[in-house]
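So the structure is just underneath, and the comments pick up after that.
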Amino acid sequence: MSIITNETVAAFEAELRRGGEKAQATVEKYLHAVRRLMSFLNGAEVTKERLLSFRDAMRKPLRDQTVNGYISAVNAYLAFAGLEHLKLKLLRTQRQPFRESERELTEAEYERLVAAAKKQQNDRLYHILITLAGTGIRISELAYITVDAVQCGRAVIRLKGKARVILIPGSLKKKLTRYIQKRGCRSGPVFQTRSGRPLDRYNIAHMMKSLCRAAKVSPRKVFPHNLRHLFARLFYAAEKNLAHLADVLGHSRLETTRLYIMSTEDCYQRAMERLPLVI
């Protein structure tokens, strides 16, 4: 399998899905990376030199952390294809001490996005926004917000031998209940296509981007995972308990949770300016 073809990618996909241990989002990310590599190779054999060229090409438009995601996916494919000797090493990255203010979605900007969805009478997108922000769930977990889950006020996710409970606040439960009644849904995911399948993550991201101009919010700030970050910051501001936030977000390591509540450089600057030490 030294040449990547549509057939080998399909076989790789089947292997990824076998056993149902990998989340749908993970499978999609792996396939996206491998297809991007296939396009880069354009029919050429997989060699170490070409893999390194692919990695370097990815570093130009993408951050190193994103490139490492591609490398992990490609390495998984190489292992599947019997080409483990060609695996690439991950790039060394240094953790940033500050959060990028250019990508931080503020509460006011979130409110403008919600208002824009309302003004456009996009009922589905409005409820998606408040569900993601109101629960702190990952976009891949939206499919677990089902009619039954809304009725119970909680959803249970079971993946990779682990169970995660998603709590649905009472105010959100009321809004989703009205939405479900209006749509005439009786079972399954609350947010689904006409054929009854859960909405695709990329379609949701595209719908969110469509609100940017009307809401006067930078498109760089508008993507589903940023609503999870907004939830984390507001939850921590109210509770001041990192362990509780980790439980709600479903993190096994507090270090991961801490990344969600990092402050911007401006916040640190303002705090330092208030110190009475330069006399």
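First residue of the sequence shown? That's 4 in our numbering, and the numbers climb one at a time after it.
C-beta: ideal position from N, C-alpha, C; glycine also.
Among all the DSSP beta bridges, which residues are the ones paired with T149?
In the sequence shown, counting from the first residue as 1, residue 149 sits at position 146. Residue pairing from DSSP places T149 in a beta bridge opposite P192.
Taking the alpha-carbon positions, what's the V30 to Q124 distance?
Looking up residue 30 in the sequence shown gives position 27. Looking up residue 124 in the sequence shown gives position 121. The straight-line gap from Cα to Cα measures roughly 33 angstroms.
Evaluate N229 with the Cβ neighbour count: other Cβ atoms within 10 Å of its Cβ, from every protein chain shown; 16 or more gives buried, anything less gives exposed.
On the sequence shown, residue 229 is found 226 positions in, with the first residue counted as 1. So N229 ends up on the buried side.
V77 to V37, Cα distance in whole Å?
Here residue 77 refers to the residue found at position 74 when the sequence shown is read from its first residue. Here residue 37 refers to the residue found at position 34 when the sequence shown is read from its first residue. Taking the Cα positions, V77 is about 6 angstroms away from V37.
What does the alpha-carbon distance come out to for the pair S213 and L280?
Translated into positions along the sequence shown, residue 213 becomes position 210. Translated into positions along the sequence shown, residue 280 becomes position 277. When rounded, the distance between both Cα atoms is 48 angstroms.
Could you check if E107 is buried or exposed, using at least 16 other CB atoms within 10 Å of its CB as the buried criterion?
Translated into the one-based positions of the sequence shown, residue 107 becomes position 104. By the 16-neighbour rule on beta-carbons within 10 angstroms, E107 is buried.
DSSP three-state assignment for A84, whether helix, strand or coil
For the purposes of this step, residue 84 is identified with residue 81 of the sequence shown, where counting begins at 1. In the structure shown, A84 sits in coil (DSSP, three-state: anything other than H, G, I, E or B).
Could you check the C-alpha separation between L65 and R189 for me, to the nearest Å?
As a first step, residue 65 must be located in the sequence shown, where it is residue number 62. As a first step, residue 189 must be located in the sequence shown, where it is residue number 186. C-alpha separation (whole angstroms): 43 angstroms.
At the level of alpha carbons, what is the spacing between V251 and E258?
Here residue 251 corresponds to residue number 248 of the sequence shown, with the count starting at 1. Here residue 258 corresponds to residue number 255 of the sequence shown, with the count starting at 1. Each residue's alpha carbon lies about 15 angstroms from the other.
Less than 9 angstroms separating the beta-carbons of D126 and K176?
As a position in the sequence shown, residue 126 is number 123, starting the count at 1. As a position in the sequence shown, residue 176 is number 173, starting the count at 1. With contacts defined as CB atoms closer than 9 angstroms, D126 and K176 fail to qualify as a contacting pair.
Please list, in chain order, all residues of the same chain as R157 whose beta carbon is under 7 angstroms from its beta carbon, the five residues on each side excluded.
Mapped onto the sequence shown, residue 157 falls at position 154. V168, I169, L170 and I171.
Is it buried or exposed for K122, if we count other Cβ within 10 angstroms and need 16 for buried?
By one-based count along the sequence shown, residue 122 stands at place 119. Exposed.
Determine the DSSP secondary structure at K63, reduced to helix, strand or coil.
Numbered from its first residue, the sequence shown carries residue 63 at position 60. When secondary structure is reduced to three states using DSSP, K63 falls in the coil class, being assigned neither helix nor strand.
Below 6 angstroms CB to CB, which residues in the same chain sit around D59 once its five sequence neighbours on both sides are set aside?
Residue numbering aside, residue 59 sits at position 56 when the sequence shown is read from its first letter. Answer for D59: no residue qualifies.
Which of the three DSSP states is assigned to K122 in this structure?
Here residue 122 refers to the residue found at position 119 when the sequence shown is read from its first residue. Note: K122 maps to helix in three-state DSSP.
Assuming A235 contacts P192 under a Cβ cut-off of 8 angstroms, what Cβ separation, rounded to an integer in Å, is found between them?
For the purposes of this step, residue 235 is taken as residue 232 along the sequence shown, with counting starting at 1. For the purposes of this step, residue 192 is taken as residue 189 along the sequence shown, with counting starting at 1. The pair is not a contact, with the Cβ atoms about 24 angstroms apart (cut-off 8 angstroms).
So which of D67, S104, L132 and E103 has the shortest CA-CA distance to E341?
This structure does not reach residue 341, given that the chain is present from 4 up to 282, and the question cannot be answered.
What's the call for E144, buried or exposed, on a 16-neighbour Cβ count within 10 Å?
Within the sequence shown, residue 144 is the residue found at index 141, counting from 1. E144 comes out buried.
For R141 versus A28, is the C-beta distance shorter than 9 angstroms?
Residue 141 sits at position 138 when you count from the first residue of the sequence shown. Residue 28 sits at position 25 when you count from the first residue of the sequence shown. Yes, the pair counts as a contact, with Cβ atoms nearer than the cut-off.
Alpha carbon of N45 to alpha carbon of E10, nearest angstrom
Residue mapping note: residue 45 aligns to position 42 of the sequence shown, counting from 1. Residue mapping note: residue 10 aligns to position 7 of the sequence shown, counting from 1. Distance between the alpha carbons of N45 and E10: 15 angstroms.
Using the rule of at least 16 other Cβ atoms within 10 Å of the residue's Cβ for burial, across every protein chain shown, is A47 buried or exposed?
As a working note, residue 47 is residue 44 in the sequence shown. So A47 counts as exposed.
V153 beta carbon less than 9 angstroms from that of L179
Taking the first residue of the sequence shown as 1, we reach residue 179 at position 176. Taking the first residue of the sequence shown as 1, we reach residue 153 at position 150. The Cβ-Cβ distance between L179 and V153 falls below 9 angstroms.
Separation of R200 from L89, as counted between CA atoms
Working through the sequence shown from its first residue, we reach residue 89 at position 86. Working through the sequence shown from its first residue, we reach residue 200 at position 197. Looking at the two C-alpha atoms, the distance is approximately 38 angstroms.
Assuming N71 and L94 form a contact by the criterion Cβ under 8 angstroms, report the distance between their Cβ atoms to the nearest whole angstrom.
As a first step, residue 71 is located in the sequence shown; it is residue number 68 there, counting from the start. As a first step, residue 94 is located in the sequence shown; it is residue number 91 there, counting from the start. N71 to L94, Cβ: 6 angstroms. Contact.
Going by the beta-carbon positions, is the gap between H232 and Y263 smaller than 9 angstroms?
Here residue 232 refers to the residue found at position 229 of the sequence shown. Here residue 263 refers to the residue found at position 260 of the sequence shown. Contact: yes.
Could you tell me which of T138, K25 and G173 sits nearest to C155, measuring between CA atoms?
The count along the sequence shown starts at 1 and reaches residue 155 at position 152. Closest option to C155, Cα to Cα, is G173.
Tell me the DSSP bridge mates of V159?
Locating residue 159 in the sequence shown gives position 156, counting from the first residue. Beta-bridge annotation (DSSP): V159 is paired with V168.
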